[in-house]
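Q: Please see the structure below; I have some questions.
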Amino acid sequence: MDHASRLERILRGIAIAAMVLFFMFPIFWILLMSFQTNETILRNPPSMAFAPTLSNYAALLTGRLDTAAGTLDIDFMQNLKNSVILSVFSVAVALLLGVPAAYAFARHKFRGSEDIAFTLLSFRFAPPLLVVLPLALYFQDIGLADTYIGLIWVYQLICLPLILWIVRGYFEDISPDVEYAYRIAGHSWFATFRRIALPLAGPGIAAAGLLAFIFAWNNFVFALVLGSADKQPVTVGALAFVTASGIQYGQIAAAVVLSIAPTLALAIYAQRYLVEGLSLGAVKG
Amino acid sequence: MAVIELSDIVKRFKDATVLDGISLSADEGETLVLFGPSGAGKTVLLRLIAGVVEPDAGNVRLGGRDMRDVPPEARNVGMAFQNFALFPHMTAYDNIASPLAARRSAAERVREGVERVARLLKIDHVLHHSPRALSNGQKQRTALARALAGSPAVLLLDDPLRNVDAKLRFEMRLELPRLLAAERATTLYVTQDYREAMALGDRIAVMLRGRIAQLGTPEEIYLAPASLEIARLFGDPTINVLDVTPERDAEGPFVRLSRLRAPIDPGLDRAVGRPCALGLRPEAIRFVEAGQRGAIPVTIEAETPLNEKTVTLATTARGREILVSRPSGTSAPTEGLAHIAVDSAHALLFDRETGLRILPEGKRADVRGAAA
Amino acid sequence: MNEPLLVLERVDKVYDPDSAHPVRAVQGLDMRVHAGEIVALLGSSGCGKTSTLRMIAGFEEVTAGSIRLKGREIHRLAPARRGVAMAFEGYSLYPPLTVRENIAFALKSARLKREEVDRRVREIAHLLEIEDILERYPSSISGGQQQRASLGRALIRHADLHLLDEPMGQLEPQLRALLRGRIKHHVKERGLTAILVTHDQTEANALADRIAVMEGGVLQQFATPAALKEAPANLFTGTFIGEPPMNVFAAEARGGSGRLRLRLDHGSELDYPEDAFEAGVRARMLECRRIVLGVRPHAVSVAAEGHAGPLRARVTANQWLGDQTHIAAEFAGGLLVAVEHHRAAVRPGETIGIAFAADDLHVFDAESGAALSHGGRAA
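Chains as they are written, first to last, in this note's numbering: chain S, 3 to 287; chain B, 20 to 391; chain L, 447 to 825.
In C-alpha cells form, the structure reads like this:
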C-alpha cells in the first residue's frame, strides 16, 4: 500500500526543489552573466538588476574583442566550427567501428574476449595527461600533429570505449532466439545484423552516440596539447578570454552559453531515445 | 526416405556433456516427438539441426545432404521457439513473411503465402498488429505461421505450446496434426508434456541426460516402458510403484501384495528372488466386492477428480499408498474400507537395482533404444 | 443455526477509486464458508480471486462490505490479529533459514514444546516428501521442493482459516496426484478450513469441496465440483469448467407434432421427442429464439457412420493418451471434441456418426448466457 502521507509529499517536493535549484543555478547565473558587461558582473554585492546587453555575443560573432587595453582578434566562430567537426566525425568513426565490435563482443564469447573488451574500457580510466605527451611527440614525427584526423583519432580514446560498452549491453539484451529465427527464415548473418540487431538496439546506439558526442565536445586536454589555434574547439578557445588586461567574464559566459547550447538541445531531444532504450527489454520475445 | 538423420551427435558446454551420442532418423512426413524433462538436451538437439549450434562430434544430414558448414539460412528448416522469438519491430504480417521475403519472391507471392498460413492458423485478422499488441495465443500462432510460411522440408517445434494457457494448449494439440499433415513437413516436436507427446508423435524419442532412453510409438512407450524412470514420466496419475520380490510355487511365479498371491507372467520366472519394483498403472486397478478372488483390502484416504477421471488415494494394511483411477461417473466406494483387484497382466516388473524393465521371456523384445 | 465460519457480505474492492479509470476488482461478493470446508477461488488472471484472498488476509483494504470470521468483524483488523494463516504464491521461504526452520517458524513463535514441534515437522515432511531436504537451505533445492516446503509451512499451523495462494502450481508432475490426495486427507482429518486461490481447475476440482468461479470481479457460481459440471449456472461456467472444455453450438429451437427440433447454425438438426424436455423448459427454449447448446466431451457418442445417429462428422484427430482417447472432428463449422475411456479405432479423415442424448444436453440463452436446462430439466 503506497499511500504517502501529506507531510511526506510536501517534504518530497521540497527536496526535489532544492536539488533542482542546486544544479540549475550555475547555468542560470551564466545565462545572466552573458548579458552583462564585466563591470556589472564584478559589482559587489552582486545584483540581479542590470541593463541587458548583447555586446558579448556581438563580440563573439564578429571576432573582435574590445577591452580597456585595446582591440583583440579572437576566432570564436572557428572554435565552434572545430568543435562540431571534431565531435561529429569522432562519433561517426566510433559508431562505425564500435557498433560492429560491440555486436561481436555481445554474441561471440571467445577466449580473451572479456579481457579485450575490458582493456578497451580501461582507456577511459587512464588520466589523459599520461598518453597525451608521448602522443604529441609521435604526432610531430608522423605529421598528425595539428590535423583534424590526428585529433579525431585521439578522440577515439574517449568515444570508442563508451559506445562499445553501452551498445554491447543493448545487443546482449536482444534474445539470441530472435536472431536465430531470422537466420533460419533464410537470411544471412549480415542481413540479420542489419535488419534485426541494429533496429532493436537502435535506441541504445542513439543514446551511446549522444553521450559520446557530449564527452567529445567537452574534451579539453587532447585539443589543448595536440591542436594549434585553428584546430582548437570551444573548450580551449575560451582560454583566449583570459587576456593580459583581465578576465572577460561576460564573453566567457556568452561563449559557454553558445557552446553548451548544442549539447543541451541534443540531450533534450534524445531523452525519448533513452527512455525507449530502457523499455526495450519489455517487448523482447 | 529419412529426411532427418543424426548420427552419434555429441555436444559439450564447458565440462557438461549435454548430448552424449545421439543417433536418430525421421522419415518424410513423420512427426517425431523429443520428450524428456528439462535439461535432457532436447532444445540443444533442435538447435543443432537448425544450424545455430555446432556439434562437437557426429553428423547431421537433412534430405540426404551433410549439413557440416551449411549455415542456418541454407538448411530449408522452419523453427518455432518456446518463447515465440517474434521480431518485435515488425508486424505479424512481416514476421510471417520473413521466410518468403528471404527468397526474394514477388510481393504477390509473398502475400499469398502469408495469407494461406494465416488462414490455416486463424490469425488473418491480426496480421497488421505488432507482436506486443497480440495475445499470447496469437503470438504463438504467429510464431507457428512463420515457421510454416516457407514450406520447409523440416519443421522444428520447440515446446510451442508451453507458454499458452491450458484451454488453448488443448485446442492446438487437437488442431496441430491436421496442420502438420497439410504441410507434409517432417517434424521434430519438443515437449515436456507426456500428453502432447502421445497425442502428436508418430514416434516418441524419450531423452534423459543427453541420451535417447527409448524410441518407439506412443503405444510401445506407454505399455512397454524400457525403465521405471520412463514409466513414471508417462501417465497422470503417475504409475504406482511397489517394492516386491517375486516368488515361485507350483502354479508359477507370483508376487505378494498384502500377503495375497498375485500371479505374474510365467515368462518372468527369471525375476524370482530378485528385488524388483512392480509398476501398476492407476487405471489398471479396479475396486471390487469383498471376498472376490485376489481382492486386497484398503482404506480410502481421499478422492480427487482429475479431468474426466476420478482418482482415489488408498492405503493398504501395510501402509502402502496406491492411486486408483477410473472414468468419472462410474460408481465406486468413496470412503472407509474397500477392496481393490490388480490385473497382473498389466503389471510391469522392473529390476530395483538398475531400474530397467524385466522383459517376459519368450516374447519379442519390442523395445529398442539405448536402454540396453 | 450457527453462523458459518467465514462470511463475506457485499464486498467490493476498487483500485484507484479517484482516478479516471477505477478498477473494480471485486463487485458485490457474497460468500459463506463453513468450518471444515475446503473452498477454491477459481478464475483466470484478473478475475478478482487474489484480491478477495488478500482482503480476507488483511493485505488489502475492503472498499465496501464486511468480512466476518467466527462471527467477529475482521475487515478492519491488522493481518496478524485475524487468526488467519496464509501461504503466498511462489515460495517465499526465508533464505537464511533451513527448510526445517522455515516450516517450524510459526510453531516456534507460538511457544510450542520442542518435542511437539519436532513431531509435527516430521509428520508434515513425510506427507510432502521433503524429509531428505529438511537441513538444506532454500537456495539449494529445486523449485518443486521449494513449493513443497512452502506448503509445509502453511499446513503445519492450525489456524481458524488457512489461505493458500496458488499452492501447487510448481509441483513436480509425478508427485501431483499423490500429494493432492495426501493434502486433502490431511486437511480433512484435522478438520481445517482452507481457501485456496488457483487458475488451475484440475487443482480446484481435486482439492475443493466447493469452488467459487470468478470472472470480471463477479462471482459466477459457487458450488461443488460435481454441480459445476452437471449444472453450470451460465455459459461462462459451462465452458470454463471441464477439461477438455464443453462443446458448444449456436442453435434455434422449433416445436411441433410432438417433437423438439434444435437447428444448429451450420445446418445439422437435432431431433428429440418433446417429452425429453420439461414443458417449462420447452417453452423457454422456443421463446428465447437464439440458444446455445452445450455437450460435454465425454457425453458425445461416437460410432461408425450411420450407427450412433443421423449426425455426421469428419475426424481430424484421434489422440490416445494411455487411459483416455481424445477425438476431434469437424462438425457444424467447428471442432467437436469427444473423450472415450478406451482406445477408439476411428482414423483421421474418416466420417463418423455422432449423437448427443437429451439427458446430456445443456441449454443456455444465447443473449444473457443464463442456463435454461440441464438434461431436459429446468436449470
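We put the beta carbon where it would ideally sit given N, CA and C, even for glycine.
#1: Is the distance from the Cβ of B/Pro301 to the Cβ of B/Leu342 below 7 Å?
#2: At a CB-CB cut-off below 8 Å, which residues of chain B make contact with S/Val180?
#3: Could you round the C-beta distance between L/Asn680 and L/Phe810 to whole angstroms and report it? I think they count as a contact, below 8 Å.
#4: Expressed to the nearest angstrom, what Euclidean distance is found between the alpha-carbon atoms of L/Phe802 and L/Gly755?
#5: Please classify L/Gly821: does DSSP put it in a helix, a strand, or coil?
#6: Please confirm if B/Pro179 has its CB atom under 7 Å from at least one CB of chain S.
#7: Using DSSP with H/G/I as helix, E/B as strand and the rest coil, what is L/Ser555?
#8: Around the C-beta of S/Gln273, are 16 or more other C-beta atoms found within 10 angstroms, so that it is buried, or is it exposed?
#9: For B/His144, which of helix, strand or coil comes out of DSSP?
#10: How many angstroms separate the CA atom of S/Ile16 from the CA atom of L/Gln473?
#11: Beta-carbon of S/Arg185 versus every beta-carbon of chain B: anything under 7 Å?
#12: With 7 Å as the threshold, decide whether the Cβ of B/Phe394 is near any Cβ in chain L.
#13: Any contact between the stretch 343-351 of chain B and the stretch 454-463 of chain L? By contact I mean 3 or more CB pairs, one from each, below 8 Å.
#14: Grouping DSSP H, G and I as helix and E and B as strand, with all else coil, what is B/Arg305?
#15: Nearest chain B C-beta to L/Lys495 closer than 7 Å, yes or no?
#16: By Cβ distance, which residues of its chain are closer than 7 Å to L/Leu539, with the 5 residues on each side in sequence left out?
#17: Rounding to the nearest angstrom, what Cα-Cα distance links S/Asp77 and S/Ser36 in this structure?
#18: For B/Arg203, which option in B/Ala216, B/Leu167, B/Ile223 has the closest C-alpha, if you only look at C-alpha atoms?
#19: Can you tell me where the alpha helix (DSSP H) holding L/Ser465 begins and where it ends?
#20: Measure the alpha-carbon distance for B/Pro294 versus B/Ser246 and round it to whole angstroms.
#21: So, helix, strand or coil for L/Ala774, using DSSP?
#22: To the nearest angstrom, how far is the alpha carbon of B/Asp85 from that of B/Arg94?
#23: Helix or strand or just coil, what does DSSP make of B/Met98?
#24: According to a CB-to-CB cut-off of less than 9 Å, which residues of the stretch 81-99 of chain B neighbour chain S?
#25: Cα-Cα, which of S/Thr149, S/Ile43, S/Ala104, S/Gly188 is closest to B/Arg122?
#26: Once the 5 residues before and after L/Ser512 are set aside, which same chain residues still bring their CB inside 7 Å of it?
#27: Taking 7 Å as the limit between beta carbons, can you name the residues of its chain near B/Ala137, skipping five residues before and five after?
#28: With respect to the alpha helix (DSSP H) encompassing B/Glu248, which residues constitute its N-terminal and C-terminal limits?
#29: Just the Cα atoms here: how many angstroms apart are L/Ala750 and L/Ile798?
#30: Could you check which residue in B/Asp46, B/Thr257, B/Leu252, B/Ala35 has the C-alpha nearest to that of B/Val22?
#31: Assign S/Met21 to one of three DSSP states: helix, strand, or coil.
#32: Whole angstroms are fine: how far does the CA of L/Gly726 sit from the CA of L/Tyr718?
#33: Is it the case that the Cβ atoms of B/Pro74 and B/Leu65 are separated by a distance below 7 Å?
#34: How about L/Ala652 and B/Thr323: do their beta carbons lie closer than 7 Å?
#35: Starting from L/Val485, follow its DSSP beta bridges and name the residues at the other end.
#36: List, in order along the chain, the chain L residues whose C-beta lies closer than 9 Å to that of B/Met217?
A: Working from what's here:
#1: Your numbering for residue 301 of chain B matches position 282 in the second sequence. Your numbering for residue 342 of chain B matches position 323 in the second sequence. With a cutoff of 7 Å on beta-carbon distance, B/Pro301 and B/Leu342 are scored as near each other.
#2: If you number the first sequence from 1, residue 180 of chain S lands on position 178. Under the 8 Å cutoff, chain B gives Ala104, Leu105, Phe106, Pro107.
#3: For the purposes of this step, residue 680 of chain L is taken as residue 234 along the third sequence, with counting starting at 1. For the purposes of this step, residue 810 of chain L is taken as residue 364 along the third sequence, with counting starting at 1. Correct: roughly 7 Å between the Cβ atoms.
#4: As a working mapping, residue 802 of chain L is identified with position 356 in the third sequence. As a working mapping, residue 755 of chain L is identified with position 309 in the third sequence. Across the structure, L/Phe802 and L/Gly755 are spaced so that their CA atoms are roughly 9 Å apart.
#5: Working through the third sequence from its first residue, we reach residue 821 of chain L at position 375. DSSP places L/Gly821 in coil when its eight states are reduced to three.
#6: What you label residue 179 of chain B is simply residue 160 of the second sequence in a count that begins at 1. Not closer than 7 Å to any Cβ of chain S, the Cβ of B/Pro179 fails to qualify, so no.
#7: The residue labelled residue 555 of chain L in the question sits at position 109 within the third sequence. Looking at L/Ser555 - three-state DSSP - the assignment turns out to be helix.
#8: By one-based count along the first sequence, residue 273 of chain S stands at place 271. Looking at its Cβ environment, which holds fewer than 16 other Cβ atoms inside 10 Å, S/Gln273 is exposed.
#9: Here residue 144 of chain B is taken as the residue at index 125 of the second sequence, counted from 1. Note: B/His144 maps to helix in three-state DSSP.
#10: Counting from 1 along the first sequence, the entry for residue 16 of chain S is found at position 14. Counting from 1 along the third sequence, the entry for residue 473 of chain L is found at position 27. Roughly 40 Å separates the two Cα atoms.
#11: By 1-based counting over the first sequence, the position of residue 185 of chain S is 183. Among the CB atoms of chain B, one or more fall inside 7 Å of the CB of S/Arg185.
#12: This structure leaves residue 394 of chain B out entirely; chain B is present only between 20 and 391.
#13: No: the two stretches stay apart, fewer than three of their Cβ pairs being nearer than 8 Å.
#14: Within the second sequence, the letter at position 286 stands for residue 305 of chain B. Residue state for B/Arg305 is assigned as strand, using DSSP reduced to three classes.
#15: In the third sequence, counting from the first residue as 1, residue 495 of chain L sits at position 49. It does not; no Cβ of chain B falls within 7 Å.
#16: Translated into the one-based positions of the third sequence, residue 539 of chain L becomes position 93. Here L/Leu539 has Asn548, Pro584, Gln592, Ala595, Ser596 as same chain residues with Cβ atoms under 7 Å from its own Cβ, once five neighbours each way along the sequence are excluded.
#17: Your numbering for residue 77 of chain S matches position 75 in the first sequence. Your numbering for residue 36 of chain S matches position 34 in the first sequence. CA-to-CA, the gap between S/Asp77 and S/Ser36 works out to about 18 Å.
#18: What you label residue 203 of chain B is simply residue 184 of the second sequence in a count that begins at 1. Closest option to B/Arg203, Cα to Cα, is B/Leu167.
#19: Here residue 465 of chain L is taken as the residue at index 19 of the third sequence, counted from 1. Per DSSP, L/Ser465 lies in no alpha helix (DSSP H) segment and is marked neither H nor E.
#20: Walking along the second sequence from the start, residue 294 of chain B turns up at place 275. Walking along the second sequence from the start, residue 246 of chain B turns up at place 227. Rounded to whole angstroms, B/Pro294 and B/Ser246 show a C-alpha spacing of 15 Å.
#21: Along the third sequence, one-based indexing puts residue 774 of chain L at 328. Of the three classes helix, strand and coil, the one that applies to L/Ala774 here is strand, per DSSP.
#22: Residue 85 of chain B sits at position 66 when you count from the first residue of the second sequence. Residue 94 of chain B sits at position 75 when you count from the first residue of the second sequence. So the two alpha carbons sit approximately 10 Å from each other.
#23: Here residue 98 of chain B corresponds to residue number 79 of the second sequence, with the count starting at 1. In the structure shown, B/Met98 sits in a strand (DSSP, three-state: E or B).
#24: Sequence-ordered contacts of the stretch 81-99 of chain B with chain S read Pro90, Pro91, Glu92, Ala93, Arg94, Asn95, Val96, Gly97, Met98, Ala99 [C-beta pairs closer than 9 Å].
#25: If you number the second sequence from 1, residue 122 of chain B lands on position 103. Scanning S/Thr149, S/Ile43, S/Ala104, S/Gly188 for the CA closest to the CA of B/Arg122 turns up S/Gly188.
#26: Working through the third sequence from its first residue, we reach residue 512 of chain L at position 66. Hits under 7 Å: Glu455, Glu519, His521.
#27: The residue labelled residue 137 of chain B in the question sits at position 118 within the second sequence. Shown here for B/Ala137: same chain residues with a beta carbon closer than 7 Å to its own, the five before and five after excluded, namely Ile115, Asp143, Leu146, Ala164 in chain order.
#28: Start at 1 with the first residue of the second sequence, and residue 248 of chain B comes out as number 229. Here the alpha helix (DSSP H) through B/Glu248 covers 247-252.
#29: Mapped onto the third sequence, residue 750 of chain L falls at position 304. Mapped onto the third sequence, residue 798 of chain L falls at position 352. Straight-line measurement puts the Cα of L/Ile798 at about 5 Å from the Cα of L/Ala750.
#30: Taking the first residue of the second sequence as position 1, residue 22 of chain B is located at position 3. Nearest of B/Asp46, B/Thr257, B/Leu252, B/Ala35 to B/Val22, Cα basis: B/Asp46.
#31: The residue you call residue 21 of chain S lines up with position 19 of the first sequence. Under the three-state reduction of DSSP, S/Met21 is assigned to helix.
#32: As a working mapping, residue 718 of chain L is identified with position 272 in the third sequence. As a working mapping, residue 726 of chain L is identified with position 280 in the third sequence. If you draw a straight line from the Cα of L/Tyr718 to the Cα of L/Gly726, it is about 16 Å long.
#33: Along the second sequence, one-based indexing puts residue 74 of chain B at 55. Along the second sequence, one-based indexing puts residue 65 of chain B at 46. Judged by their CB atoms, B/Pro74 and B/Leu65 are not nearer to each other than the 7 Å cut-off.
#34: By one-based count along the third sequence, residue 652 of chain L stands at place 206. By one-based count along the second sequence, residue 323 of chain B stands at place 304. Their beta carbons are under 7 Å apart, which means L/Ala652 touches B/Thr323 by this criterion.
#35: For the purposes of this step, residue 485 of chain L is identified with residue 39 of the third sequence, where counting begins at 1. DSSP lists L/Ile641, L/Arg656 as partners of L/Val485.
#36: In the second sequence, residue 217 of chain B corresponds to position 198, counting from 1. Going along chain L in sequence order, the residues near B/Met217 (Cβ under 9 Å) are Gln765, Trp766, Leu767, Gly768.
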